[in-house]
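Chains as they are written, first to last, in UniProt numbering: chain B, 1 to 392; chain C, 1 to 347.
Just so it is clear, CB atoms sit at the ideal spot from N, CA and C, and this is done for glycine as well.
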Ligand SMILES: [Zn+2]
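Structural data, given as structure tokens:
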């Protein structure tokens, strides 16, 4: 079903996930119990056990992945990260200047932390006795993670607002419409430019043993995805609005927001209308997030090769992924969080089933590097501050 | 009796695979046969990958070569027969423990949510610098003004009278030993959308003109002011802020993942928590007001009547579970049935 212009061998290896929900539930709930009993200390061991389970049940061509991080490493990193997070929260709460300084410090540290985090994650992942590695440089990290996004923001704001401000006096209509168009255009291309920079920095930095990952990414593809995502949002927003008017709900909603007196009979309908509208917007948010994620992952993988001999393939579908995340969400909510273990397994199953590797793995003899994964501080920091780089 | 397991070998630090076969002796002796590498030893001389669920276990020999079985179950069964299953693995498979863990987790989560978080928030709120709440109070007032609140349109004479009554009330409370971390103040505002009253972080009580008119009897006004002073006395605004912060951080830590589900769940948890906690706060403030009203006038009726009037003029009354304030009906009921706490009697 997949065709590639490159002359790769026609061999296809699919990823398989062998974990199962009932077994993992036991591991998961015992992890939580021991974490509670040890006042959080066990969480480091829990993380290692969980990751070992997910890596170890992911199989490619008869071999499983391995997670190599040690609990003590994680624990030390976690303690430092939590202390930093508390200090950061308190400092930034004290006064506005401290808050700005804290924000700047975090922004400045972000590229550094990202590099350390990716390097750690790569080096603790092993497949067939060979570990992964991340060799992206710090300077390129600062360029792609900090400088380019800032430049893009500046460009978007300066061009659209500058244009509007210039023409506002003489041609207000042209100024507003032109400003909006310019904003949309620069936002789409700014997004594409930043994402391409970030994704190619990350992918091209990865190594399997000494073999490099490579990806040649095209900005136009990213711009298309962004534009379609934007159009999807706008379209569903307008559709929702038309539905409201079509159902004669407009007056009810207006009354609800302006606080006019409504007779008790329409009260219930208005509450339901509000609730339905809320759910609708919620659903739209999920659809767009799923759309962007599937399209970007499929595209990025289609461009990613290992040592120019192996080709990554992602076959995610919007419907499949959307069904997965929505059922997982419902599963988690209606079991008051206990279904979380099952949801995680389903997620891993889907992701594995949508991923494959083309080319003859057996032909590639790879030697492991001798680099150690030093400490987990950056890894835990990135988790604690929730600043993961999401390229897919 | 010996068994054989087919599989493959991977060289140390190298990804090349070699077909291999393992002969497993009944006494725990292992013979590894392969074109690339041969080895024999006792089971305790090899390093086994950690036992976890039903994951197939690998054997790393002292030479660094790793054997991977193509029949993971068969090898696992043999290993289990010849070595002790780690305690952790037995725990993770123990149905009784799993049930127990589920109950303990649910109870802990409930306990944290209902007792620990509010307690911790109260403690933190009372230890925050006074400047912070003063700052927040001023911000709150500016925000109200931005939302369309204007200077009161009541006559100056009436405003002065109200201010005097407010001061009297505070003095009366102080005489009774009720303490406030922030000296309470009162501000009057005009708002187009009806009767309302708030307490801000710095102890400011805001009454809208409509509220003053609605509470047309002296004791009704006293009741609503007392309710707001209840919020001030218990530092509810700051407590609320801290609670939200604690909840968002814990929720994000508990559900953290990559598919966007966690953000959704976090916001649900935080909104849900906010609703629950503000209901508790409303009840506490009602209780504070009821206690004072009862001890001064032997009746909580004025506040109940005022709530009834508010109930009638409120345009939309969301069902109880969705509204920030507990359903007014319930609160009116509670007020009417108020019983003062038993006073220690002197003998
Ligand atoms: Zn209140």
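In three-state terms, what does DSSP make of residue i?
i                     : result
residue 374 (chain B) : coil
residue 133 (chain B) : strand
residue 338 (chain C) : coil
residue 170 (chain B) : coil
residue 216 (chain B) : coil
residue 164 (chain C) : helix
residue 152 (chain C) : coil
residue 1 (chain B)   : Because the pLDDT of residue 1 (chain B) is 40, which lies under 50, any placement of that residue in the model is unreliable, and the question is left without a value.
residue 50 (chain C)  : coil
residue 76 (chain B)  : helix
residue 31 (chain C)  : strand
residue 346 (chain B) : helix
residue 411 (chain B) : Only positions 1 to 392 of chain B appear in the structure, and residue 411 (chain B) is not among them; the question remains open.
residue 260 (chain B) : For residue 260 (chain B), the predicted model reports a pLDDT of 49, less than 50, meaning its position is unreliable; a value from the coordinates is still stated below. Of the three classes helix, strand and coil, the one that applies to residue 260 (chain B) here is coil, per DSSP.
residue 133 (chain C) : helix
Go ahead and label residue i buried or exposed: buried means 16 or more other beta carbons lie within 10 angstroms of its beta carbon, across all protein chains shown.
i                     : result
residue 153 (chain C) : exposed
residue 17 (chain C)  : buried
residue 79 (chain C)  : buried
residue 123 (chain C) : exposed
residue 366 (chain B) : buried
residue 209 (chain C) : buried
residue 245 (chain B) : exposed
residue 31 (chain B)  : buried
residue 359 (chain B) : buried
residue 329 (chain C) : exposed
residue 148 (chain B) : buried
residue 215 (chain B) : buried
residue 294 (chain B) : buried
residue 23 (chain B)  : buried
residue 383 (chain B) : buried
residue 117 (chain B) : buried
residue 218 (chain B) : exposed
residue 125 (chain B) : buried
residue 114 (chain C) : exposed
Quick one: Cα of residue i to Cα of residue j, how far?
i                     : j                     : result
residue 54 (chain C)  : residue 195 (chain B) : 40 Å
residue 330 (chain B) : residue 202 (chain B) : 33 Å
residue 33 (chain B)  : residue 327 (chain B) : 26 Å
residue 243 (chain B) : residue 291 (chain B) : 23 Å
residue 285 (chain B) : residue 233 (chain B) : 8 Å
residue 288 (chain C) : residue 282 (chain C) : 10 Å
residue 335 (chain C) : residue 139 (chain C) : 33 Å
residue 51 (chain B)  : residue 337 (chain C) : 56 Å
residue 120 (chain B) : residue 133 (chain B) : 8 Å
residue 39 (chain C)  : residue 33 (chain C)  : 7 Å
residue 171 (chain C) : residue 95 (chain B)  : 34 Å
residue 264 (chain B) : residue 223 (chain C) : In this prediction, residue 264 (chain B) scores a pLDDT of 49, lower than 50, which makes its location untrustworthy; the coordinate-derived value is nonetheless stated afterwards. Their Cα atoms are separated by approximately 28 Å.
residue 87 (chain C)  : residue 94 (chain C)  : 10 Å
residue 340 (chain C) : residue 284 (chain C) : 14 Å
residue 182 (chain C) : residue 111 (chain B) : 44 Å
residue 110 (chain C) : residue 244 (chain C) : 16 Å
residue 344 (chain B) : residue 21 (chain B)  : 8 Å
residue 221 (chain B) : residue 298 (chain B) : 11 Å
residue 86 (chain B)  : residue 240 (chain C) : 19 Å
residue 172 (chain B) : residue 179 (chain B) : 10 Å
residue 286 (chain C) : residue 233 (chain C) : 12 Å
Kindly list, in the order they appear in chain C, the residues whose Cβ is closer than 8 Å to that of residue i.
i                     : result
residue 56 (chain B)  : 49, 52 and 55
residue 27 (chain B)  : 52, 53 and 92
residue 53 (chain B)  : 52, 53 and 55
residue 36 (chain B)  : 104, 105 and 108
residue 209 (chain B) : 15
In chain B, which residues lie less than 7 Å from residue i when you measure between Cβ atoms?
i                     : result
residue 68 (chain C)  : 63
residue 133 (chain C) : Within chain B, no residue comes near residue 133 (chain C); the closest Cβ sits about 12 Å away, beyond 7 Å.
residue 340 (chain C) : Residues of chain B passing the Cβ test: none, with the nearest at roughly 36 Å.
Does the beta carbon of residue i sit closer than 7 Å to a beta carbon anywhere in chain E?
i                    : result
residue 93 (chain C) : The chain labelled as chain E is not found among the protein chains of the depicted structure, namely B and C.
Quick one: which chain C residues come within Cβ less than 7 Å of residue i?
i                     : result
residue 319 (chain B) : Under the 7 Å cutoff, chain C gives no residues; its nearest Cβ is about 16 Å from residue 319 (chain B).
residue 362 (chain B) : 17
residue 365 (chain B) : 14, 15 and 16
For residue i, which residues in chain B fall below 8 Å Cβ to Cβ?
i                     : result
residue 101 (chain C) : 29, 30, 32 and 33
residue 10 (chain C)  : 63, 128 and 129
Could you work out which residues of chain B lie near residue i, taking near to mean beta carbons separated by less than 9 Å?
i                    : result
residue 97 (chain C) : 26, 29, 30 and 33
Beta carbon nearer than 6 Å to a non-hydrogen atom of ligand 3: This structure lacks ligand 3; its bound ligands are ligand 1.
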